[in-house]
Structures are given as C-alpha cells and as structure tokens.
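Colleague: If you scroll down you'll find the structure; I have some questions about it.
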Amino acid sequence: MPRRTQEDSLATRKKILESAQRLFTRRGYERTSLSDIAKYAGVTRGAIYWHFENKEELLVNLMDFIDTEKFSIQLLHDAADPAEPDPLSKLKTCIKSMVDEESNKFISSSLMSMIISIMNGSAGNDIVRAKVLEFIKARHELMNKILRNCIAKGQLPANLAIATAAEHLAMFCVGFFHQSRLGYTENIKKHFEYFIDREFEEIKLLTVASL
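Here it is as structure tokens:
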C-alpha cells in the first residue's frame, strides 16, 4: 500500500474509533449503530467494514485504542519484550500512569461504565461480552509474559507463582479503578508510588512453595 494511502487509511480508522467513543459514551452500546458512527465520522458504512468486521470488533478495537492513548499500554508490550533489560520498571511506570489526568477521566467516564455493564451482563449481548472478556484474557496473558520476563531478568523470584501473582496485581489495579470511580484519586495519588512498591513486595512472596 502506498505511504499516502496507508496514512489516509490509518487516519480514517482513528476517526471511526474516536466517533465510536463519543457515540458509545453518549448513547450506550445498544443504541449506537454502525450507521450512526459512519455518519458522525463522515465516512461510509463500507469504510467501517473495511476496518472492522462488526460492531463487536469495533468496540474491542476501541478498548485497545483507549489503552494505547490513555494508559501507556505500549509500556506493557515493552516490558514483555525479552530484549528489555528492566521490565519491572516499565511495568511500574505503566501502572503509575493510571493516576494521570487523562487516564482518570476515562476511568470515571460513561464509556467505562458501559464496558463494566457489558462485562457484568447488564448491557450488550453474549457476543460482545465474549469479545470483551477475550480482550481482558489477552491482557492477563500479557501480564503473565511480563512476569516471566521479570523472573528471567532476576527482578522477581525464580519460583514465583506466576498466575497467582498476575491475579494479585489485577486485584490491585481493579481496586484502584473502584476507588478512582468513587472520587478518591487525589488522595491515592499522594501515596500511589509507595502503594505500587508495596504491591510488588507482596508479589515477591507469592512463590510456589508458599502457596
């Protein structure tokens, strides 16, 4: 694909995702159609189907887009890279970004509420729920890969119970999400780096022998 055409295609994809984000936030998932998104983005339905198979796939790609834009998700991919010499620092930096203003705005947003509703079954349908849960499962697998990389670099114990450690870290992040949605971000922000360091001290104790 010629460079100009590729750039145009990426720009159109981004416009569609941003339009979907605005409409899902305003109307919810069920009350937003692909035609609505196409009209808002100023593109044809064909342009949407060029990039996304259906509305479910569009939502999952939107979640990935938000992860990249709001939560520095690239740091997690860097941390999982065997060539990265300090994966633990990359992981901690990504977690720290959750208290950034833009991240917090999304955590407290109507769109986040919609995604939570889809996950707990009060919105959406079985197809989109399965897609969202598949997305979350992929994030868990990425975390397992990061923890294995941290072990390989001598930053975590060699006998770490990886799956348990990943679940422990997920609970830490979900706990922050919950507190943030209740409006406690500013209080948490004052000590968040300390909380993260303490979390990893706890994780180091989750060895196979200790469970």
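With this note's numbering applied, the sequence shown corresponds to residues 2 to 212, in that order. The beta-carbon is built from N, C-alpha and C at its ideal position, and this holds for glycine as well.
#1: Could you check whether P88 and N145 sit closer than 8 Å to each other, using their CB atoms as the reference points?
#2: Give, in chain order, every unbroken run of the alpha helix (DSSP H) that is at least 4 residues long and sits entirely within the stretch 109-191.
#3: By alpha-carbon positions, which one of S181, A171, L59 and L35 ends up nearest to V129?
#4: Cβ atoms of A131 and G29: under 8 Å apart, would you say?
#5: What is the rounded straight-line gap between the Cα of L148 and the Cα of Q22?
#6: Sorted by chain position, which residues of the same chain lie with C-beta nearer than 6 Å to A42's C-beta, five sequence neighbours on each side aside?
#7: Are the stretch 77-96 and the stretch 106-117 in contact at 8 Å, needing three or more beta carbon pairs?
#8: Which term fits S104, buried or exposed, when burial requires 16 or more other beta carbons within 10 angstroms of its beta carbon?
#9: Answer yes or no: do L143 and A81 have a C-beta to C-beta separation smaller than 8 Å?
Modeller: Reading it off the structure:
#1: no
#2: 111-121, 127-153, 163-182 and 186-190
#3: L59
#4: no
#5: 32 Å
#6: K16, I17 and S20
#7: no
#8: buried
#9: yes
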